[in-house]
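Numbering (full-length UniProt numbering), first residue to last: 1 to 272.
Think of the CB as a built atom: it goes at the ideal place given N, C-alpha and C, for glycine as much as any other residue.
As the structure is a computational prediction, the values presented were derived from the model and not from experiment.
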Amino acid sequence: MEQLAIASVGVVGVSADPVDGEVELDEQSRLGRDWDCGPDRERPDCRKDLAHLKYQTESGEQASYRCGSWDCECCGHRLRMGLIEEIERITEERPEMRRFLTLTVDRRAPASKEEKHEYITDRWNALRTELRDRYPNLSYLWVRHEGDERDRPHLHLLVDRFLPQRELSQLAERVGLGRVVDIRRVDARNAAHYISAYLGRGSLSFLPSGSRRYGSSADVDLDPRDPGGDDRDGSALEEDWSLMAWDPIVEDWVSAASGDFRRDEDRGPPPD
Numbered sequence: 001m002e003q004l005a006i007a008s009v010g011v012v013g014v015s016a017d018p019v020d021g022e023v024e025l026d027e028q029s030r031l032g033r034d035w036d037c038g039p040d041r042e043r044p045d046c047r048k049d050l051a052h053l054k055y056q057t058e059s060g061e062q063a064s065y066r067c068g069s070w071d072c073e074c075c076g077h078r079l080r081m082g083l084i085e086e087i088e089r090i091t092e093e094r095p096e097m098r099r100f101l102t103l104t105v106d107r108r109a110p111a112s113k114e115e116k117h118e119y120i121t122d123r124w125n126a127l128r129t130e131l132r133d134r135y136p137n138l139s140y141l142w143v144r145h146e147g148d149e150r151d152r153p154h155l156h157l158l159v160d161r162f163l164p165q166r167e168l169s170q171l172a173e174r175v176g177l178g179r180v181v182d183i184r185r186v187d188a189r190n191a192a193h194y195i196s197a198y199l200g201r202g203s204l205s206f207l208p209s210g211s212r213r214y215g216s217s218a219d220v221d222l223d224p225r226d227p228g229g230d231d232r233d234g235s236a237l238e239e240d241w242s243l244m245a246w247d248p249i250v251e252d253w254v255s256a257a258s259g260d261f262r263r264d265e266d267r268g269p270p271p272d
């Protein structure tokens with residue numbers, strides 16, 4: 001019996017960074033599990049892997065369960081689209097946010113995923129402190145990309161003013177982050193596309209638990225829409241929803257338990 005542990009992530013919260021007050025959006029894990037997805041596995045998809053879960057009200061209304069994880073084929077796409085739409089909204093409201101920067105992480109970054117992620121986070125925090133001191137009231141938003149065997153990790157930013165590339169590279173290299181490999185002024189209407197072009201399939205997936213994938217300065221209202229951890233109809237949210245799981249032994253829907261958040265090929269599909 002093969003099982004696939006699921007990281008069910010659906011609640012998005014806002015926390016202030018103690019270094020410089022930057023507001024970042026942070027995933028809050030419901031179960032604290034990681035996707036068990038090695039190179040020989042296809043990417044998890046809660047539409048299939050968690051098809052035995054559903055929401056139901058006392059009146060009998062039903063809705064599919066959605067995990068809300070960046071690592072899920074279905075929910076990762078929805079989260080990514082929500083982020084892109086939010087960046088588009090910000091650049092429409094604030095056309096000055098059209099300086100596009102790419103910082104490539106130093107080759108000395110550790111090789112392991114966890115150590116590399118911590119390395120990037122620490123250096124990025126240090127660079128933000130430098131930027132705050134050097135450029136007061138700088139407005140920005142950022143998205144990280146950890147890279148793979150063929151691609152070095154990097155950060156993409158949109159900022160509201162001109163920043164000299166040489167000076168910015170010196171700051172980044174001084175804190176051990178890397179160097180600025182690209183800085184350009186883009187059309188305000190297309191600024192979001194320069195970020196979204198790098199948010200391809202899986203680019204924000206399979207990061208260590210609790211990772212922050214994007215963020216902004218405190219004055220930028222970066223608040224992606226909740227893609228929905230499930231398919232419940234918003235018009236019926238005044239009712240109490242219960243999470244149910246299909247039990248093949250009793251052949252009925254029962255209250256879900258933590259063990260139900262695993263793909264169990266012996267369970268069999270629920271009835272249509």
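Limits of the beta strand (DSSP E) - the one that residue i falls within
i	result
Arg179	Gly178 to Arg185
Tyr140	Tyr140 to His145
Ala216	At residue 216 the sequence reads Ser, which differs from the Ala that was named. Where Ser216 is concerned, the enclosing beta strand (DSSP E) stretches over Tyr214 to Ser216.
Ala257	From DSSP, Ala257 is part of no beta strand (DSSP E); its letter is neither H nor E.
Ser64	Gln62 to Ser64
Ala245	Trp241 to Asp247
Limits of the unbroken alpha helix (DSSP H) element including residue i
i	result
Met81	Glu73 to Glu93
Arg128	Lys113 to Arg134
Leu168	Gln165 to Arg174
Asp49	Cys46 to Asp49
Inter-residue spacing [alpha-carbon to alpha-carbon] between residue i and residue j
i	j	result
Ser169	Leu50	46 Å
Gly229	His77	Low per-residue confidence applies at Gly229: pLDDT is 49, beneath 50, and the placement is therefore not dependable, though the value from the model is reported in the following sentence. If I take the Cα positions, the gap works out to 12 Å.
Ala126	Arg179	14 Å
Gln28	Ala111	Note that Gln28 scores a pLDDT of 31, beneath 50, so its modelled location is shaky; the value from the coordinates is reported in the next line. Cα-Cα distance, rounded: 26 Å.
Pro224	Glu85	7 Å
Glu73	Pro44	6 Å
Ser258	Val250	18 Å
Asp252	Leu83	38 Å
Gly176	Leu103	12 Å
residue 273	Gly215	One cannot answer for residue 273 here, as it falls past the ends of the chain, which runs 1 to 272.
Glu114	Arg128	21 Å
Arg174	Glu130	10 Å
Gly32	Asp260	Model confidence at Gly32 stands at a pLDDT of 29, short of 50, so the residue's coordinates are unreliable; what they give is reported in the following sentence. Approximately 14 Å between the Cα atoms of the pair.
Arg98	Gly68	30 Å
Asp219	Ala197	24 Å
Trp246	Asp240	19 Å
Pro270	Cys46	14 Å
Tyr140	Tyr194	14 Å
His52	Ser211	28 Å
Residue closest to residue i, alpha-carbon to alpha-carbon, out of the options
i	options	result
Val105	Asp187, His154 and Trp124	His154
Arg213	Glu96, Phe261, Leu157 and Arg107	Leu157
Asp133	Leu171, Ala245 and Gly215	Leu171
Val181	Asp187, Arg166, Arg189 and Arg123	Arg166
Arg94	Arg152, Ser196 and Ala191	Ala191
Glu146	Glu96, Gln56, Pro136 and Ala109	Ala109
Val186	His52, Glu92, Ser242 and Cys46	Glu92
Phe136	Ser217, Leu222, Arg89 and Tyr194	Strictly speaking, residue 136 in this sequence is Pro, with Phe absent from that position. The candidate whose alpha carbon is nearest that of Pro136 is Ser217.
Cβ distance (whole Å) where residue i is taken to contact residue j below 8 Å
i	j	result
Tyr65	Lys54	6 Å
- request: Please confirm if the segment 159-172 is in contact with the segment 55-68, defined as three or more CB-CB distances below 8 Å between the two stretches.
  value: The segment 159-172 and the segment 55-68 do not touch, with fewer than 3 CB-CB distances between them shorter than 8 Å.
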